[in-house]
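Heads up: the sequence shown begins at 20 in the numbering used here, then just goes up one per residue. All C-beta atoms, glycine included, are put in the ideal place defined by N, C-alpha and C. Since the structure is predicted, the reported quantities are computational estimates derived from the model, not experimental observations.
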Amino acid sequence: MPEGEDRPQAPERDSVERPGTPRPDTRSAAAARMAQQQTWVDLQVRQAMERGDFDDLPGAGKPIEDLGTQHDPEWWLKKLVERERIAVLPASLQLRKDDAELDGRLDGLAAEHEVREQVEEFNARVIRARYSLPEGPPLITMPRDVEETVAAWRGRRAARRTASGQESDEAPRRPWWRRRRGRGRPARDRSYPAK
Numbered sequence: 020m021p022e023g024e025d026r027p028q029a030p031e032r033d034s035v036e037r038p039g040t041p042r043p044d045t046r047s048a049a050a051a052r053m054a055q056q057q058t059w060v061d062l063q064v065r066q067a068m069e070r071g072d073f074d075d076l077p078g079a080g081k082p083i084e085d086l087g088t089q090h091d092p093e094w095w096l097k098k099l100v101e102r103e104r105i106a107v108l109p110a111s112l113q114l115r116k117d118d119a120e121l122d123g124r125l126d127g128l129a130a131e132h133e134v135r136e137q138v139e140e141f142n143a144r145v146i147r148a149r150y151s152l153p154e155g156p157p158l159i160t161m162p163r164d165v166e167e168t169v170a171a172w173r174g175r176r177a178a179r180r181t182a183s184g185q186e187s188d189e190a191p192r193r194p195w196w197r198r199r200r201g202r203g204r205p206a207r208d209r210s211y212p213a214k
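Have a look at this one:
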């Protein structure tokens, strides 16, 4: 192009409106909404203070305990254990406790297969603890013999039934909502006829 001719002027960047970019008036509207929301929150807090909603909070007027003594990243977990009185035992002690309570838990079960599942689950936990690195006191809990435990459960169940006047041969009746459908009825054929 010769020097005397005018080149077409490119539009200025500010005057070009790209799709998806907010216009200046929408930015100011968003800022005004945020300021309005902040004043609304302040108003709600002020009204709650006037009503006295914050007067009887626990620890009001007292310094926060253990603030600034040292940094502990698991402070919340320790406070939870303390507040909820959660006992966290090493695996060996937990298994001793579970072994002592196992017969009581088994007596609450109604079916033999449930008793077998509980004893097998307990034995699996004992074996898993035996093969893992020891933490805490030594593990002295031994796996239980499933057949002996089930036989002892049957004996305790029979003793409870005779003490309560029920016959030991009678199977416990399940509530109607736990009964299986189709007992005593022939199974329906769900296959489709061949075409």
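Where residue i sits in the DSSP three-state scheme
| i | result |
| --- | --- |
| S187 | With a pLDDT of 47 at S187, under the threshold of 50, the modelled position of this residue cannot be trusted; read the value that follows with caution. In the structure shown, S187 sits in coil (DSSP, three-state: anything other than H, G, I, E or B). |
| A54 | helix |
| A178 | helix |
| Q89 | coil |
| P77 | coil |
| D164 | coil |
| R104 | coil |
| R173 | helix |
| Q193 | One point to set straight first is that residue 193 is Arg, not Gln, in the sequence displayed. Correct three-state label for R193: coil. |
| D117 | helix |
| E139 | helix |
| D122 | helix |
| L99 | helix |
| E131 | helix |
Check whether residue i and residue j have beta carbons under 8 Å apart
| i | j | result |
| --- | --- | --- |
| V138 | T160 | no |
| D126 | R173 | no |
| F141 | D122 | no |
| V165 | R144 | no |
Proximity test, residue i beta-carbon vs the ligand NAP heavy atom, cut-off 7 Å
| i | result |
| --- | --- |
| D164 | Annotation note on the ligand NAP: not contained in the displayed structure, which lists no ligands. |
| message | Three Cβ pairs or more, each shorter than 8 Å: is that satisfied between the segment 112 to 128 and the segment 143 to 156? | response | yes
| task | Examine the Cβ distances between the segment 91 to 110 and the segment 150 to 169 and report whether three or more of them are shorter than 8 Å. | result | yes
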